[in-house]
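K.L.:
For the sequence shown, our numbering assigns the number 21 to the initial residue and increments by one for each residue that follows.
The structure under discussion is supplied below as structure tokens; questions concerning it will follow.
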Amino acid sequence: MAFDMYTEVEEQTPFEEERQKGFSRSESELTHSITDADKESIDEGKLVSDAINQNLSSFNPDIMIEQMVKNFSLAKSMYGDSIIRRISGYDSSYINKNIRIPEFARELRNKLKERLQKLKDNQVIDSDGSFTDKGYDLASFVLYMEELNNIIPKGMLGEKIHKKANVYGDASDTRGYKRGDRFRDLSLKKSVRQVIRRKHTSLKEEDLVVYDRKSRGKLSIIYAIDASGSMRGQKIEICKKAGIALAYKAINEKDEVGLLSFGTDIKEKISPTTDFQRLLRAITMIRASMQTNIADTIMQSIDMFPRVHSTKHLLLLTDALPTFGDSPEEETLEAVSMARTSGITLSLIGINLDDKGEKFAKKMAETGEGRFYVVKNLKELDKIVLEDYYASI
Numbered sequence: 021m022a023f024d025m026y027t028e029v030e031e032q033t034p035f036e037e038e039r040q041k042g043f044s045r046s047e048s049e050l051t052h053s054i055t056d057a058d059k060e061s062i063d064e065g066k067l068v069s070d071a072i073n074q075n076l077s078s079f080n081p082d083i084m085i086e087q088m089v090k091n092f093s094l095a096k097s098m099y100g101d102s103i104i105r106r107i108s109g110y111d112s113s114y115i116n117k118n119i120r121i122p123e124f125a126r127e128l129r130n131k132l133k134e135r136l137q138k139l140k141d142n143q144v145i146d147s148d149g150s151f152t153d154k155g156y157d158l159a160s161f162v163l164y165m166e167e168l169n170n171i172i173p174k175g176m177l178g179e180k181i182h183k184k185a186n187v188y189g190d191a192s193d194t195r196g197y198k199r200g201d202r203f204r205d206l207s208l209k210k211s212v213r214q215v216i217r218r219k220h221t222s223l224k225e226e227d228l229v230v231y232d233r234k235s236r237g238k239l240s241i242i243y244a245i246d247a248s249g250s251m252r253g254q255k256i257e258i259c260k261k262a263g264i265a266l267a268y269k270a271i272n273e274k275d276e277v278g279l280l281s282f283g284t285d286i287k288e289k290i291s292p293t294t295d296f297q298r299l300l301r302a303i304t305m306i307r308a309s310m311q312t313n314i315a316d317t318i319m320q321s322i323d324m325f326p327r328v329h330s331t332k333h334l335l336l337l338t339d340a341l342p343t344f345g346d347s348p349e350e351e352t353l354e355a356v357s358m359a360r361t362s363g364i365t366l367s368l369i370g371i372n373l374d375d376k377g378e379k380f381a382k383k384m385a386e387t388g389e390g391r392f393y394v395v396k397n398l399k400e401l402d403k404i405v406l407e408d409y410y411a412s413i
């Protein structure tokens, strides 16, 4: 059954405890790859990240100036406020007022050339203005740190556990001793308290207390991001950060995370894995363009899940109805049905969908026996993505 959900994740895990958990190695490796993550490096990483989200792969100062002079509104749409501000040092509204003044245009051209030369000197872009591996590393690092700094202090990385008894699980609540329980699971302190409370003169079998070990089910989840043209800019950035939060949490919990980005065709495909840095780099590199082919995305995901027995879940984010194919909606529902037959559940997060889009998205989630979430405020997206993860384990 599908549910409409405006969700909130409970605060469960303190900041310091979460930062000291199993991802310290990956985090240190990322940090080490950036020799000096000072303010300048972070600003450069943010600039590259913004450019990718605007579907840019290089910078050329002469072309930028020409576009700004000819049609500033179009240039602003192409580059976005953040890139214009970071690369020029001026607010876009100020540039718009003064760009046709020859002296200002010359000054701006010089500023752009100086800024881009600095990026070349720092090996963030190459001689052609294209982004280098270091530039992409900086962008990945910035996305990673921004999202963790957002979600960890808010306690959004709590854990929900299946109550299926398993001696290999973690010690959690306690219960009375039963024959067959392991000696190592005995809680001596609580057993002694039982003796004192019951005023027994010796420890009896009925006083014994053991830890009730609980385990959580194995989960493989694929995070599928709509990378069609309408997702360009802030939408795709926030979807990326939510994906980073999911990968961080799920892999830390020994689950596997895969990635699909889709437009007219599949742009990026990673089968469920525990390789966080590979996922981080791939998420960072996603660009938005073209139409929305949801049916092919679902069909591709079927072959990406492992064949071993585990919970298989596809989480799909989109801001539009499927638009690719002769009968896109019918083809999409057929794909969802095939995925469900293959043991895969599907949840869908709709970003500012219209009424028709919401109706179809609900039908998809119902067919996939997952959940449907409505997102009106993009700042809530990472909470919703994590909530769907918790609901799936």
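Think of the CB as a built atom: it goes at the ideal place given N, C-alpha and C, for glycine as much as any other residue.
Any contact of the region 293-301 with the region 263-273, i.e. 3+ C-beta pairs under 8 Å?
P.N.:
Short answer: they touch.
K.L.:
Tell me the rounded alpha-carbon separation between S77 and A359.
P.N.:
In a straight line, the C-alpha of S77 is about 35 Å away from that of A359.
K.L.:
If I'm right that A308 touches I256 with Cβ under 8 Å, what's the distance once you round it to whole angstroms?
P.N.:
Confirmed, about 5 Å.
K.L.:
K382: which of E400, F282, V356 sits nearest, CA to CA?
P.N.:
Measuring from the Cα of K382, the nearest candidate turns out to be V356.
K.L.:
Quick one: what does DSSP say R106 is sitting in, helix, strand or coil?
P.N.:
In this structure, R106 counts as helix in the three-state DSSP scheme.
K.L.:
To the nearest whole angstrom, what separates the beta carbons of I103 and Q74, a pair I think is in contact under 8 Å?
P.N.:
About 6 Å separates the two Cβ atoms, so the contact holds.
K.L.:
Leaving out the 5 sequence neighbours to the left and right, which residues in its chain are closer than 8 Å to I364 when beta-carbon positions are compared?
P.N.:
Result list for I364: S321, I322, F325, K332, H333, L334, G388, in chain order.
K.L.:
Hey, is the region 244-258 in contact with the region 282-290, meaning 3+ C-beta pairs nearer than 8 Å?
P.N.:
Output reads yes: the region 282-290 touches the region 244-258.
K.L.:
Rounded to a whole number of angstroms, what is the C-alpha to C-alpha distance between S147 and T304?
P.N.:
For S147 and T304, the distance between alpha carbons rounds to 22 Å.
K.L.:
Tell me the residue span of the alpha helix (DSSP H) that contains F380.
P.N.:
Counting along the chain, the alpha helix (DSSP H) containing F380 begins and ends at 375-387.
K.L.:
CA-CA distance, R129 and V89?
P.N.:
Spanning the two alpha carbons is a distance of roughly 11 Å.
K.L.:
Taking only the alpha-carbon atoms, compute the straight-line gap between K238 and A71 and give it to the nearest angstrom.
P.N.:
Approximately 37 Å between the Cα atoms of the pair.
K.L.:
Can you tell which of R217, H220, E64, G196 has the C-alpha that lies nearest to the C-alpha of D153?
P.N.:
Of the listed residues, the one whose Cα sits closest to D153 is E64.
K.L.:
Considering only residues of the region 289-373, which uninterrupted beta strand (DSSP E) runs meet the minimum length of 3 residues and lie entirely inside it, listed in chain order?
P.N.:
The qualifying runs are 331-338, 364-371.
K.L.:
Rounding to the nearest angstrom, what Cα-Cα distance links I413 and R391 in this structure?
P.N.:
Cα to Cα, the separation comes out at about 13 Å.
K.L.:
Going straight from the alpha carbon of I216 to that of L228, what length do you get?
P.N.:
The straight-line gap from Cα to Cα measures roughly 12 Å.
K.L.:
With burial defined as no fewer than 16 other Cβ atoms inside 10 Å of the residue's Cβ, what is the status of D375: buried or exposed?
P.N.:
Exposed, by the Cβ-count rule.
K.L.:
Could you please give the first and the last residue of the uninterrupted alpha helix (DSSP H) stretch that includes V277?
P.N.:
Where V277 is concerned, there is no enclosing alpha helix (DSSP H), although the beta strand (DSSP E) it sits in stretches over 276-282.
K.L.:
Beta strand (DSSP E) containing Y393: first to last residue?
P.N.:
Element bounds for Y393: 392-395.
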